[in-house]
Structures are given as structure tokens and as C-alpha cells.
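Undergrad: Residue numbers (my numbering): 11 to 249.
C-beta atoms are modelled at their ideal positions from N, C-alpha and C, and glycine is treated no differently.
1. Leaving out the 5 sequence neighbours to the left and right, which residues in its chain are closer than 7 Å to residue 216 when beta-carbon positions are compared?
2. According to the Cβ coordinates, are residue 52 and residue 149 closer than 8 Å?
3. Can you give me the Cβ contacts of residue 244 inside the same chain, cut-off strictly under 8 Å, excluding the 5 residues immediately before and after it?
4. Leaving out five residues on either side along the sequence, give the residues of the same chain with a beta carbon under 8 Å from the beta carbon of residue 108.
5. Give me, in chain order, the residues of the same chain whose beta-carbon lies closer than 6 Å to that of residue 253; leave out the 5 immediate sequence neighbours on both sides.
6. Going by alpha carbons, who is nearest to residue 112 out of 94, 141, 72, 106?
7. Go to residue 188, then tell me how far its beta strand (DSSP E) extends in each direction, as first and last residue.
8. Look up residue 183 in the DSSP assignment and say whether it is helix, strand or coil.
9. Any idea if residue 175 is buried or exposed, counting beta-carbon neighbours within 10 angstroms, 16 or more meaning buried?
10. Just to confirm my understanding: we take residue 151, look at its own chain, exclude 5 residues before and 5 after, and list those with CB closer than 7 Å. What are they?
11. Determine which residues share a DSSP beta bridge with residue 86 and list them.
12. Over the uninterrupted beta strand (DSSP E) stretch that includes residue 217, give me the two end residues.
13. Report all residues from its chain with a CB closer than 6 Å to the CB of residue 41; omit the five preceding and five following residues, and keep chain order.
14. Which of the three DSSP states, helix, strand or coil, is assigned to residue 112?
15. Provide the residue span of the beta strand (DSSP E) that contains residue 144, from first to last.
16. Check residue 97 in the structure and name its three-state DSSP category.
17. Is it the case that the Cβ atoms of residue 58 and residue 117 are separated by a distance below 8 Å?
18. Can you tell me which of the three DSSP states residue 230 falls into?
19. By a C-beta neighbour count over all protein chains shown, 10 Å radius and 16 as the cutoff for buried, is residue 77 buried or exposed?
20. Look at the Cβ atom of residue 229, then the Cβ atom of residue 201, and state whether they are nearer than 8 Å.
21. How would you write the range of the beta strand (DSSP E) that residue 68 sits in, first residue to last?
22. How long is the line joining the alpha carbons of residue 209 and residue 122, rounded to whole angstroms?
23. Just list the residues that DSSP pairs residue 202 with in beta bridges.
24. Please state whether DSSP places residue 120 in a helix, a strand or coil.
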């Protein structure tokens, strides 16, 4: 019987080929599933948001049942991606706890808006998966904001230095909800006029007294304090 002999170099090549093949097989396996987070069912309160008043956006965080790792929810924030100086955070909720696969979490985020109109905002949720990896989910949020305070037109025949002069303030409510406990006062006056309730779209005229401090031209500032439907007490000035 003849036997085939191989050289030591050939045996080493064969061993190396087997080792490479084994290494390739060991590297192949099921890919780890990330923590998959989504934001759903977002609501905004109050129904008619107003400038300068607190607005609450409540969203539901859902960790997919297909995720193979839980996650710690670190924060949910409302951002304005169209701000003049770049993306601006308007409000943040933090320390929100932990989500297991298949679980949901309702998160309210309170923020304010300084200008009326329609604002295209964004909800951003961030957290850490059980494997230490970062998890993020976003959702667009469009909010229509009305002018929150009453409009005030001031009329006067002029102020007398050192003496009280009558000032007429025409107060109107441009919003779609009533304003309460409206207090109107002049910067240099000793009295104020009040309006218990001003219905949506209504106008009322009140009179206050202002005192001129010096002879010559002066600027008269009228301050209007008021309460909006959610109970927040706000103030605005008219010059």
C-alpha cells in the first residue's frame, strides 16, 4: 500500500485553514436587538394655549416588546428646532424611571411660548439601554398659541405735573376664553380699575388716574394684571 506523505509546511497550511474556518463560524450568530422606543398619543393642555402661560404636552413612551433589553428613561424635552440661535429647549421632564420591553410610560412636559402663532416643535426622549447604549426617539409637535393677555388702548389729554390726571383704558379680550380679575393701573397712579370677568372677544372701558412727575414730555405706562383660564396670574404693560 502506498501512502501519501505531506510536508510539514502543508500540514501547517491545513491547520491554519481549519482555524480560520472555525473563527468565521464562531463570529456568526443572532444580532442583538436594540431597545426600540417610540412616542405616541401626544395631547396638549390647555386646549387653547396662550402666550406666556404654562402649556403641558403629555406623550406616551412605548418600549417595543421585541427589544431584548430594558431602558432607563433619562429625560423627555420639548424643543424648538426653528429658534433664531439654533435648537432651543423649552421644557424638560427628568428622572422618569425604567421601562421593560412591552411597557409604556405617560410623561407630561410643561413649557411656555413667548410668541403667538403656530409653532412646529419637537418632542425628544432620551435614555440608556440595559447594555449601556444610548436610546433616542422623536416626534413632531405642532402647537397653536394665542395672544394670552388683553389688549389695552390708552387715551389721555395729557398729564399735569404733581396732580392727578384721568386716563382712559379700553381693554379687549382677543382670546377664545374669558379672562378674570383684570386689574388696570397707571405707573404713576395711586388707584386702579378692575374688571371681574372679560368674555372672549369682549371690550370694556375703565378709568384710572396718573400723575405727571415733571414738566415736559413723559412716557405713560399702564400695567394690566389678569388671570387666564388655567389659573395662572400674568401681567403685561402698555406704553
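TA: In brief:
1. Here residue 216 refers to the residue found at position 206 when the chain shown is read from its first residue. Once the five neighbours on either side are set aside, the close Cβ partners of residue 216 are 179, 181, 194, 203, 205.
2. For the purposes of this step, residue 52 is identified with residue 42 of the chain shown, where counting begins at 1. For the purposes of this step, residue 149 is identified with residue 139 of the chain shown, where counting begins at 1. Yes, the Cβ-Cβ distance between residue 52 and residue 149 is below 8 Å.
3. Reading the chain shown from its first residue, position 234 is the one you call residue 244. Once the five neighbours on either side are set aside, the close Cβ partners of residue 244 are 62, 63, 158, 159, 235, 236, 237, 238.
4. The residue labelled residue 108 in the question sits at position 98 within the chain shown. These residues qualify, in order along the chain: 80, 81, 82, 83.
5. Residue 253 is absent from the model: the chain starts at 11 and stops at 249.
6. Taking the first residue of the chain shown as 1, we reach residue 112 at position 102. The candidate whose alpha carbon is nearest that of residue 112 is 72.
7. Here residue 188 corresponds to residue number 178 of the chain shown, with the count starting at 1. Looking at the DSSP string, residue 188 is not in any beta strand (DSSP E), and its letter there is neither H nor E.
8. Sequence index remark: in the chain shown, residue 183 carries index 173 (1-based). Three-state DSSP puts residue 183 in coil, outside helix and strand.
9. As a working note, residue 175 is residue 165 in the chain shown. So residue 175 ends up on the buried side.
10. Position 141 of the chain shown holds residue 151. Here the set comprises 52, 67, 88, 131, 132, 133.
11. For the purposes of this step, residue 86 is identified with residue 76 of the chain shown, where counting begins at 1. According to DSSP, residue 86 bridges with 103, 135.
12. Counting from one through the chain shown, the residue named residue 217 turns up at place 207. Start and end: 213-221.
13. Residue numbering aside, residue 41 sits at position 31 when the chain shown is read from its first letter. Unreliable positioning characterises residue 41 in this predicted model, as indicated by a pLDDT of 38, which lies under 50. A coordinate reading is not provided.
14. Indexing the chain shown from 1 puts residue 112 at position 102. Reduced to three states, the DSSP call for residue 112 is coil.
15. Start at 1 with the first residue of the chain shown, and residue 144 comes out as number 134. Looking at the DSSP string, the run of the beta strand (DSSP E) that includes residue 144 is 144-155.
16. Locating residue 97 in the chain shown gives position 87, where the first residue counts as 1. Correct three-state label for residue 97: coil.
17. Numbered from 1 along the chain shown, position 48 holds the residue referred to as residue 58. Numbered from 1 along the chain shown, position 107 holds the residue referred to as residue 117. It is not a contact, given that the beta carbons lie outside the stated cut-off.
18. Counted from its first residue, the chain shown places residue 230 at position 220. Residue 230: coil per DSSP, three-state reduction.
19. By one-based count along the chain shown, residue 77 stands at place 67. With 16 or more other Cβ atoms within 10 Å, it is buried.
20. Looking up residue 229 in the chain shown gives position 219. Looking up residue 201 in the chain shown gives position 191. Not in contact: residue 229 and residue 201 (Cβ atoms no closer than 8 Å).
21. What you label residue 68 is simply residue 58 of the chain shown in a count that begins at 1. 65-73 is the extent of the beta strand (DSSP E) around residue 68.
22. Residue numbering aside, residue 209 sits at position 199 when the chain shown is read from its first letter. Residue numbering aside, residue 122 sits at position 112 when the chain shown is read from its first letter. Answer to the nearest angstrom: the Cα atoms are 23 Å apart.
23. Here the question's residue 202 lines up with position 192 in the chain shown. Looking at the DSSP assignment, residue 202 forms a beta bridge with 195.
24. The count along the chain shown starts at 1 and reaches residue 120 at position 110. If DSSP states are grouped into helix, strand and coil, residue 120 belongs with the strands.
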